[in-house]
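*Asks:* Let me give you the structure first, and then I'll get to my questions.
Protein chains: 2
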Amino acid sequence: MPTKKPTISSSHSASKPTQKTIAEITGLAVTTVSRALQGDEKIAQATRLRVSKVAEEIGYVPDRAAQRLRTGKTKVVSLILDPHNEILGFGNSLITGVAHALAGTDYHLNVTPQFLGGDPIEPVEYIVRNKLADGIIFSRTRPFDERVRFLRERSFPFTTHGRTEFGYQHSYVDYDNEKFAYESVLRLMQKGRRRICIILPPNQFTFHQHLNYGYMRAIRQEGLQSYIPGGISLDSDMPEVFEWAKNIASSPEAPDGFICPGETSFLAIANGYRQAGKARGLDFDAVVKSSSQTLHQIDPHIDNISEDIQEAGVLLGTNLLKTMEHPDGPFEQTIQDPDITFPSLKSFQD
Amino acid sequence: MPTKKPTISSSHSASKPTQKTIAEITGLAVTTVSRALQGDEKIAQATRLRVSKVAEEIGYVPDRAAQRLRTGKTKVVSLILDPHNEILGFGNSLITGVAHALAGTDYHLNVTPQFLGGDPIEPVEYIVRNKLADGIIFSRTRPFDERVRFLRERSFPFTTHGRTEFGYQHSYVDYDNEKFAYESVLRLMQKGRRRICIILPPNQFTFHQHLNYGYMRAIRQEGLQSYIPGGISLDSDMPEVFEWAKNIASSPEAPDGFICPGETSFLAIANGYRQAGKARGLDFDAVVKSSSQTLHQIDPHIDNISEDIQEAGVLLGTNLLKTMEHPDGPFEQTIQDPDITFPSLKSFQD
DNA sequence: CATAGTACTTATAACGTTACAAATATCGGA
DNA sequence: TCCGATATTTGTAACGTTATAAGTACTATG
Chain A
1 MPTKKPTISS
11 SHSASKPTQK
21 TIAEITGLAV
31 TTVSRALQGD
41 EKIAQATRLR
51 VSKVAEEIGY
61 VPDRAAQRLR
71 TGKTKVVSLI
81 LDPHNEILGF
91 GNSLITGVAH
101 ALAGTDYHLN
111 VTPQFLGGDP
121 IEPVEYIVRN
131 KLADGIIFSR
141 TRPFDERVRF
151 LRERSFPFTT
161 HGRTEFGYQH
171 SYVDYDNEKF
181 AYESVLRLMQ
191 KGRRRICIIL
201 PPNQFTFHQH
211 LNYGYMRAIR
221 QEGLQSYIPG
231 GISLDSDMPE
241 VFEWAKNIAS
251 SPEAPDGFIC
261 PGETSFLAIA
271 NGYRQAGKAR
281 GLDFDAVVKS
291 SSQTLHQIDP
301 HIDNISEDIQ
311 EAGVLLGTNL
321 LKTMEHPDGP
331 FEQTIQDPDI
341 TFPSLKSFQD
Chain B
1 MPTKKPTISS
11 SHSASKPTQK
21 TIAEITGLAV
31 TTVSRALQGD
41 EKIAQATRLR
51 VSKVAEEIGY
61 VPDRAAQRLR
71 TGKTKVVSLI
81 LDPHNEILGF
91 GNSLITGVAH
101 ALAGTDYHLN
111 VTPQFLGGDP
121 IEPVEYIVRN
131 KLADGIIFSR
141 TRPFDERVRF
151 LRERSFPFTT
161 HGRTEFGYQH
171 SYVDYDNEKF
181 AYESVLRLMQ
191 KGRRRICIIL
201 PPNQFTFHQH
211 LNYGYMRAIR
221 QEGLQSYIPG
231 GISLDSDMPE
241 VFEWAKNIAS
251 SPEAPDGFIC
261 PGETSFLAIA
271 NGYRQAGKAR
281 GLDFDAVVKS
291 SSQTLHQIDP
301 HIDNISEDIQ
311 EAGVLLGTNL
321 LKTMEHPDGP
331 FEQTIQDPDI
341 TFPSLKSFQD
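So the sequence lines, in the order shown, correspond to chains A and B. So the first sequence is numbered by UniProt numbering: it starts at 1 and just counts up by one. So the second sequence is numbered by UniProt numbering: it starts at 1 and just counts up by one.
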């Protein structure tokens with residue numbers, strides 16, 4: 001007789017089924033059930049099948065708290081949401097992307113918002129201290145990012161959205177902002193623009209450098225005039241940018257080409273110029289980096305290079321999964337290539 | 001001698017400090033430490049103080065997995081993010097709001113994205129089945145919402161963003177969409193508009209009814225003409241709405257007033273009309289419900305009634321906390337009052 | 001000085017899982 | 001038939017916490 005008779009004991013059917021319940025039904029030991037569910041090769045295939053069938057039938061789901069206590073693994077990934085991501089669905093796309101990458105694994109996604117004005121290291125420290133996740137994703141890296149240093153020191157798995165300039169490697173996903181800026185300048189020149197202005201992010205961020213390099217490379221190469229506004233950044237709010245644009249528009253040194261690595265700065269600038277009586281396409285042009293469909297849907301003629309944030313989320317998720325599996329590298333490093341497909345100049349004219 | 005001598009044992013300072021570590025240092029039993037940390041009045045105040053001082057010193061943090069296993073409480077709140085929330089920072093504001101409400105409590109926020117096209121009950125069932133949270137927040141309720149029914153049957157704490165029409169009470173936060181629609185009609189009438197069109201959400205949602213009631217009430221009361229487009233809803237994407245608006249704009253029955261309970265539908269309509277040669281302020285007017293600052297920043301003259309989504313998040317969070325504390329009610333029910341302050345008609349003219 | 005009450009502390013067990021070491025069953029070959 | 005190897009299963013303990021019931025010491029009372 002290959003199996004002992006099922007021991008009909010008092011407790012199953014009531015309350016939540018556990019491995020113990022399965023053990024009682026199958027007549028196996030709890031250990032065996034555990035290992036069968038893990039797919040351990042050392043357990044007879046017949047047993048594995050029988051166990052998972054019973055598990056299925058009685059609706060067994062493993063207790064994450066118990067697994068976590070025993071194994072030390074949370075099976076959670078934390079995404080730290082930057083307050084600057086609030087604009088135009090950035091955060092949502094990122095979340096959706098990461099969630100997609102995690103779907104099918106047994107990892108859950110935990111979103112920790114970083115409050116405006118708080119030190120960026122805080123949520124990271126909190127997660128590590130309280131062991132709330134097995135891996136962390138965060139964005140807006142700086143060249144010598146404190147968070148990267150912190151996590152690396154503790155060998156805590158992470159992936160960043162954005163690069164750093166440390167001497168060592170780590171997992172990241174980034175957008176080729178240098179190419180974006182470079183190509184944008186060329187596009188504006190192609191349209192006959194000569195005084196090219198770029199709205200840069202605050203200079204502590206790595207992607208400030210990348211944008212700047214690409215921009216300056218093209219400016220120098222083509223012998224154009226550069227214009228980098230002092231008081232305005234990608235993080236300035238719209239009214240501020242609007243005021244600035246309105247003022248500069250009527251000055252003799254008014255730029256005639258804008259590179260906007262964010263949708264809102266474009267909107268503010270376009271409005272400022274319009275307010276000053278200057279029309280886009282006539283008095284100035286702009287290339288915009290958009291992370292949503294909104295702008296393109298408002299006006300498909302806007303020169304727009306899109307950054308696929310949801311894809312970035314997927315990449316961040318998969319890179320982090322790999323990093324958690326092999327904590328000592330090789331580190332997955334992915335650069336998203338800007339998709340440069342402008343409306344043709346001809347069709348734009350009519 | 002009131003305290004035993006600290007037992008210097010092998011293990012503290014290495015590895016993660018636990019209650020056991022504190023017990024060894026203070027010479028108390030683990031149970032006492034546990035109860036002291038919980039602030040149990042039965043433990044001498046001196047002891048409580050001493051324990052928390054030591055805990056502080058050695059950087060003790062409770063192990064959430066162990067607490068969860070023992071108590072059955074996850075101390076997690078799940079926010080289910082609807083894919084339709086992706087537009088214009090809605091989801092982010094909600095997250096930030098809930099996070100604010102939870103800050104200072106020992107609850108963590110877990111964001112579960114609901115994938116587009118998936119059954120809305122799925123994430124709810126999943127969370128309940130796997131006991132991933134102690135309470136759930138979700139949005140876009142229907143009059144007889146399956147999720148509400150499901151959770152209520154199992155007495156699982158939840159708060160909804162939006163009302164239902166069940167005979168029983170539950171905790172919710174909602175926006176007074178009826179008032180929004182009603183006041184919007186009046187505003188458009190005040191501007192001389194007579195053919196008023198409203199873009200409604202798909203009719204399975206409760207807030208479709210509320211918007212419709214408010215709208216119809218004002219339309220009838222003032223003897224205006226109503227226009228509810230058939231093929232278009234608040235969830236239609238921009239190009240679709242744009243096409244529709246462009247077509248209707250040049251027909252004899254073209255509405256001259258629009259109520260847009262979402263920013264993107266306004267943008268699409270305004271573009272469609274413009275494309276058809278019709279100008280806002282001249283040929284038509286619109287009242288928009290905005291959940292971000294973007295629109296207002298683009299043009300402060302747009303008649304705009306704002307819905308404070310972050311506040312909604314805070315309310316949802318606090319309501320849920322109360323519900324979890326008192327699972328049998330009374331249920332916190334909050335209606336957000338639309339802030340109706342239009343630019344004055346005079347100043348709009350110049 | 002015994003007694004009851006009060007103030008405070010503690011041992012034990014348990015939550016559900018898995019790692020480890022050990023036991024048992026099965027099989028092929030001598 | 002016995003032996004060793006292989007296949008499979010199992011008992012025990014532990015992860016860190018808290019609920020329960022029980023303990024001890026001290027204080028007030030008569």
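Even for Gly, the Cβ is constructed at its ideal location relative to N, Cα and C.
(1) Closer than 8 Å, Cβ to Cβ, to anything on chain B: give me those residues from the segment 231 to 249 of chain A, in chain order.
(2) B:E178: buried (16+ other C-beta within 10 angstroms of its C-beta) or exposed?
(3) At the level of alpha carbons, what is the spacing between B:I36 and B:L69?
(4) Quick test of the definition: if touching needs 3 or more C-beta pairs under 8 Å, does the segment 222 to 239 of chain A touch the segment 162 to 181 of chain A?
(5) Go to A:R64, then tell me how far its alpha helix (DSSP H) extends in each direction, as first and last residue.
(6) Closer than 9 Å, Cβ to any Cβ of chain B: which residues of the segment 101 to 135 of chain A, in chain order?
(7) Put B:I196 into one of helix, strand or coil per three-state DSSP.
(8) Under 9 Å, do A:Q45 and A:I80 count as touching if we go by C-beta distance?
(9) Exposed or buried, what is A:V33 when buried is set at 16 or more other beta-carbons lying within 10 Å of its beta-carbon?
(10) Looking at A:S291: is its Cβ nearer than 9 Å to the Cβ of A:E253?
(11) Within the same chain, show all residues whose beta-carbon is closer than 7 Å to that of B:K246, passing over the 5 residues directly before and after it, in chain order.
(12) Please identify, using Cβ separations under 9 Å, the residues of the segment 54 to 65 of chain B that lie next to chain A, in order along the chain.
(13) Ignore the nearest five residues each way along the sequence and tell me which others in B:A29's own chain have a CB closer than 7 Å to its CB.
(14) Is DSSP giving B:G91 helix, strand or coil here?
(15) Could you work out which residues of chain A lie near B:Q297, taking near to mean beta carbons separated by less than 8 Å?
(16) Roughly how many angstroms separate the alpha carbons of B:A312 and B:H296, rounded to a whole number?
(17) Of all the options A:F342, A:L49, A:L151, A:G117, which has the alpha carbon lying nearest to the alpha carbon of A:I137?
(18) Below 7 Å CB to CB, which residues in the same chain sit around B:A268 once its five sequence neighbours on both sides are set aside?
(19) Taking 9 Å as the CB-CB limit, is B:G192 close to chain A?
(20) I'd like to know whether the C-beta of B:L320 is nearer than 9 Å to at least one C-beta of chain A.
(21) Can you name the start and end residues of the beta strand (DSSP E) that B:P113 belongs to?
(22) Take A:G223 as the anchor and find which of A:N203, A:R163, A:N212, A:V185 has the nearest alpha-carbon.
(23) Using a beta-carbon distance below 9 Å, is B:K293 in contact with chain A?
(24) Check whether the Cβ of A:P239 sits closer than 8 Å to any heavy atom of the ligand MN, and report yes or no.
(25) Helix, strand or coil for residue 362 of chain A per DSSP?
(26) Per DSSP, which residues does B:L81 bridge with? Please list them.
(27) Residues of chain B with CB under 7 Å from residue 363 of chain A, in chain order?
(28) Relative to the C-alpha of B:F258, which candidate in B:A249, B:F284, B:S250, B:A279 has its C-alpha closest?
(29) Taking 9 Å as the CB-CB limit, is A:P83 close to chain B?
(30) Apart from the five residues just before and just after B:S93, which ones in its own chain have a Cβ nearer than 6 Å to its Cβ?
(31) Which same chain residues, not among the five before or five after B:R193, have their C-beta less than 7 Å away from its C-beta?
(32) Using a Cβ-Cβ cut-off of 9 Å, state whether B:P212 counts as contacting chain A.
(33) Taking C-beta to C-beta, are B:L132 and B:S171 nearer than 9 Å?
(34) Between B:K20 and chain A, is there a C-beta pair that is closer than 9 Å?
(35) Quick one: is B:F90 near chain A, going by C-beta distance under 9 Å?
(36) Which word fits B:T105, buried or exposed, when buried means at least 16 other C-beta atoms lie within 10 angstroms of its C-beta?
*Replies:* By the coordinates alone:
(1) D237, M238, P239, F242
(2) Along the second sequence, read from residue 1 onward, the residue named residue 178 of chain B stands at position 178. Buried, by the Cβ-count rule.
(3) The sequence position of residue 36 of chain B within the second sequence is 36, counting from 1. The sequence position of residue 69 of chain B within the second sequence is 69, counting from 1. Checking the displayed sequence, the identity of residue 36 of chain B turns out to be Ala instead of Ile. Approximately 20 Å between the Cα atoms of the pair.
(4) no
(5) Numbered from 1 along the first sequence, position 64 holds the residue referred to as residue 64 of chain A. A:R64 -> alpha helix (DSSP H) spans 64 to 71.
(6) A103, H108, L109, N110, V111, T112, P113, F115, L116, R129, N130, K131, L132
(7) The residue labelled residue 196 of chain B in the question sits at position 196 within the second sequence. Of the three classes helix, strand and coil, the one that applies to B:I196 here is strand, per DSSP.
(8) To locate residue 45 of chain A, count along the first sequence from 1; it is residue 45. To locate residue 80 of chain A, count along the first sequence from 1; it is residue 80. Result no, Cβ atoms of A:Q45 and A:I80 do not sit closer than 9 Å.
(9) Locating residue 33 of chain A in the first sequence gives position 33, counting from the first residue. Counting Cβ neighbours within 10 Å, A:V33 comes out buried, since at least 16 surround it.
(10) Taking the first residue of the first sequence as position 1, residue 291 of chain A is located at position 291. Taking the first residue of the first sequence as position 1, residue 253 of chain A is located at position 253. No, the pair does not count as a contact, with Cβ atoms beyond the cut-off.
(11) Counted from its first residue, the second sequence places residue 246 of chain B at position 246. Once the five neighbours on either side are set aside, the close Cβ partners of B:K246 are G272, Q275, A276.
(12) G59, V61, P62, D63, R64, A65
(13) The residue labelled residue 29 of chain B in the question sits at position 29 within the second sequence. So the list reads A23, once near-sequence residues are dropped.
(14) As a position in the second sequence, residue 91 of chain B is number 91, starting the count at 1. Three-state result, B:G91: helix.
(15) Taking the second sequence and counting its residues from 1, one reaches residue 297 of chain B at position 297. Those within 8 Å of B:Q297 in chain A are D237, M238, P239, F242, T264, L267, A268.
(16) Within the second sequence, numbered from 1, the residue matching residue 312 of chain B stands at position 312. Within the second sequence, numbered from 1, the residue matching residue 296 of chain B stands at position 296. Taking the straight line joining both Cα atoms gives about 20 Å.
(17) On the first sequence, position 137 is the one that residue 137 of chain A refers to. Among A:F342, A:L49, A:L151, A:G117, the Cα nearest to that of A:I137 belongs to A:L151.
(18) Position 268 of the second sequence, counting from 1, holds the residue named residue 268 of chain B. The answer, listed in chain order, is M238, V241, F242, A245.
(19) Counted from its first residue, the second sequence places residue 192 of chain B at position 192. No, because no Cβ of chain A sits closer than 9 Å to the Cβ of B:G192.
(20) Along the second sequence, read from residue 1 onward, the residue named residue 320 of chain B stands at position 320. It does not; no Cβ of chain A falls within 9 Å.
(21) Numbered from 1 along the second sequence, position 113 holds the residue referred to as residue 113 of chain B. Note, B:P113: beta strand (DSSP E), 108 to 113.
(22) Here residue 223 of chain A refers to the residue found at position 223 of the first sequence. The candidate whose alpha carbon is nearest that of A:G223 is A:V185.
(23) By one-based count along the second sequence, residue 293 of chain B stands at place 293. In the sequence under discussion, the amino acid at residue 293 of chain B is Gln, which differs from the Lys named in the question. Yes, B:Q293 counts as interfacial toward chain A.
(24) Absence of the ligand MN from the depicted structure is noted, as is the absence of any ligand whatsoever, leaving it without description.
(25) With chain A represented from 1 up to 350, any question about residue 362 of chain A goes unanswered, as that position is not in the structure.
(26) What you label residue 81 of chain B is simply residue 81 of the second sequence in a count that begins at 1. Answer by DSSP bridge pairing, in chain order: B:P113.
(27) The requested residue 363 of chain A is not part of the displayed model; chain A covers only 1 to 350.
(28) Taking the first residue of the second sequence as position 1, residue 258 of chain B is located at position 258. Per the Cα distances, B:F284.
(29) Numbered from its first residue, the first sequence carries residue 83 of chain A at position 83. Chain B contact via Cβ: present.
(30) Here residue 93 of chain B refers to the residue found at position 93 of the second sequence. Counting only Cβ-Cβ distances below 6 Å, and skipping sequence neighbours, we find I309, Q310.
(31) For the purposes of this step, residue 193 of chain B is identified with residue 193 of the second sequence, where counting begins at 1. Counting only Cβ-Cβ distances below 7 Å, and skipping sequence neighbours, we find D256, G257, D285.
(32) As a first step, residue 212 of chain B must be located in the second sequence, where it is residue number 212. A quick correction: the sequence has Asn, not Pro, at residue 212 of chain B. Closer than 9 Å: no.
(33) Locating residue 132 of chain B in the second sequence gives position 132, counting from the first residue. Locating residue 171 of chain B in the second sequence gives position 171, counting from the first residue. Cβ atoms of B:L132 and B:S171: not closer than 9 Å.
(34) Counting from one through the second sequence, the residue named residue 20 of chain B turns up at place 20. No - not a single Cβ of chain A is within 9 Å of the one on B:K20.
(35) Here residue 90 of chain B is taken as the residue at index 90 of the second sequence, counted from 1. Yes, B:F90 lies at the interface with chain A (some Cβ there is under 9 Å from its Cβ).
(36) Here residue 105 of chain B is taken as the residue at index 105 of the second sequence, counted from 1. B:T105 comes out exposed.
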